[in-house]
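**Q** There's a structure below that I have some questions on.
Residue numbers (my numbering), protein chains in the order written: chain A, 1 to 118; chain B, 119 to 230; chain C, 231 to 340.
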């Protein structure tokens, strides 16, 4: 089973997907429609690019202290959160999921990517 | 209400900081004084504010377009670095090594 | 071609970069590594602006945001501005920004 399928079946996960760094394709599994998945891919890609730039800049300012290269990010909303590691994203329901469980799984199973990949 | 001592009480926390709405460092605590200086934490604060602002824009846009509420107001942003993770809300942030990170505990302390 | 930008009032440095951010040519800084840093910053910033413009386009449903032509960050003393794959460092108080942006736009088509 793929990481995305595995994530999508995790309790409390609404949907999981993958976007290309070039922004030209995406795939997903779960309980959202294709248009939402497309929008989610665009948003997650934009934030990933921003976080990579920020950690690279911290590094160039000699202030990264081990932050660069970035591995991912989380936005915690009121009812839902978005978790991203590399180019894999996951929407979770805050009340019925474990953020630690989802992030531990993603960090353990999604390889870090940097440099020319991004 | 979060406070720096409470944040430093999170298992593994190496630095905690408070920042203004513009991202300027207001106050900090750290157990790694050589590594997480105020200059470093000020930059990290700006990163947190920048990402909270972008996330809020995304939450607003997403909710108005899809009708799927639940993201706004954004309660926090986490950056998972190579060795360190920073968990922050509008005012406070905490730095925790990746191998010790407990996201739920960090958000609980931030939102307490 | 970047010489034409350097002669404009207030322009302190110019760098042209490849699509992967690597410096092609630069002027105005003694240290080549600083020019390379400026080029990489402009490349990264361009991609962020592209990402944000994509989202603005998506959320507002108003056409005309994308693809973004360039960007400008105005500091108290120094302004950084870029169009296409060229970036300039400009003295905020001694430059005519309209002229710099117009020349940048022209240069980006070269």
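Heads up, the beta-carbon is just placed ideally off N, CA and C, and yes, glycines get one too.
1) Over what stretch of residues does the beta strand (DSSP E) that includes residue 198(B) continue unbroken?
2) Taking only runs of the alpha helix (DSSP H) that begin and end inside the stretch 237-302 of chain C, which ones reach a length of at least 4 residues, in chain order?
3) Pull up the DSSP beta-bridge partners for residue 80(A), would you.
4) Which stretch, first to last residue, makes up the alpha helix (DSSP H) that contains residue 179(B)?
5) Please report how far the alpha carbon of residue 338(C) lies from the alpha carbon of residue 313(C), in whole angstroms.
6) What does a CB cutoff of less than 6 Å around residue 231(B) pick up in its chain, not counting 5 residues either side in sequence?
7) Is residue 302(C) close to the ligand MG? I mean its beta-carbon at under 6 Å from any heavy atom of the ligand.
8) Please list the partners that residue 56(A) has in chain C, where partner means a Cβ-to-Cβ separation under 7 Å.
9) Give the interface partners of residue 316(C) over in chain A, defined as CB-CB distance under 7 Å, in chain order.
10) Using the beta-carbon of each residue, which ones in chain C are nearer than 9 Å to residue 78(B)?
11) State the beta-bridge partners of residue 340(C) as determined by DSSP.
12) Taking 7 Å as the CB-CB limit, is residue 199(B) close to chain C?
13) Shortest alpha-carbon distance to residue 315(C) belongs to which of 289(C), 325(C), 300(C)?
14) Quick one: does residue 114(B) have its CB under 7 Å from some CB of chain A?
15) Can you tell me which of the three DSSP states residue 61(A) falls into?
16) With DSSP collapsed to three states, give me the class of residue 136(B).
17) Look at the alpha carbon of residue 141(B) and the alpha carbon of residue 174(B), and state the distance between them as a whole number of angstroms.
18) Can you give the Cα-Cα distance for residue 10(A) and residue 340(C), rounded to whole angstroms?
19) Can you pull the chain B neighbours of residue 138(A), defined as C-beta to C-beta under 7 Å?
20) Taking the alpha helix (DSSP H) that residue 8(A) falls in, what are its first and last residues?
21) Within the chosen definition, does the stretch 22-29 of chain A reach the stretch 165-174 of chain B through at least 3 CB pairs nearer than 8 Å?
22) For the stretch 204-218 of chain B and the stretch 125-142 of chain B, state whether three or more C-beta atom pairs, one from each stretch, are separated by less than 8 Å.
23) Using a cut-off of 9 Å between C-beta atoms, extract the partners of residue 141(B) located in chain C.
24) Suppose contacts are defined by Cβ-Cβ distances below 7 Å. Is residue 256(C) in contact with residue 325(C) by that definition?
25) So who's on the other strand from residue 18(A), going by DSSP bridges?
26) Taking a contact to mean a Cβ-Cβ separation below 7 Å, would you say residue 85(A) touches residue 102(A) in this structure?
27) Cβ closer than 8 Å: which chain A residues qualify as neighbours of residue 172(B)?
28) By the 7 Å beta-carbon criterion, what residues does the stretch 22-48 of chain A contribute toward chain C?
29) Alpha carbon to alpha carbon, how far is residue 184(B) from residue 294(C)?
30) Can you say whether residue 247(B) is buried or exposed, counting buried as having 16 or more other CB atoms within 10 angstroms of its CB?
31) Contact check, residue 177(B) vs residue 77(A) under 8 Å by CB: the rounded distance?
**A** Taking the definition as stated:
1) 194-198
2) 262-290
3) 93(A)
4) 156-184
5) 6 Å
6) Outside the displayed range of chain B (119 to 230) lies residue 231(B), so it cannot be described from this structure.
7) The ligand MG is not part of this structure, which contains no ligands at all.
8) 274
9) Under the 7 Å cutoff, chain A gives no residues; its nearest Cβ is about 19 Å from residue 316(C).
10) Outside the displayed range of chain B (119 to 230) lies residue 78(B), so it cannot be described from this structure.
11) The partner list for residue 340(C) (beta bridge, DSSP) is empty, contrary to what the question assumes.
12) no
13) 300(C)
14) Absent from the model: residue 114(B). The displayed extent of chain B is 119 to 230, so no value can be given.
15) coil
16) strand
17) 15 Å
18) 52 Å
19) Only positions 1 to 118 of chain A appear in the structure, and residue 138(A) is not among them; the question remains open.
20) 3-8
21) no
22) yes
23) Chain C residues near residue 141(B): none, gap ~15 Å exceeds 9 Å.
24) no
25) 27(A), 88(A)
26) no
27) 46, 47, 50
28) 39, 42, 43, 45, 46
29) 22 Å
30) What the structure shows of chain B is the stretch from 119 to 230, and residue 247(B) is not part of that stretch, so it cannot be assessed.
31) 6 Å
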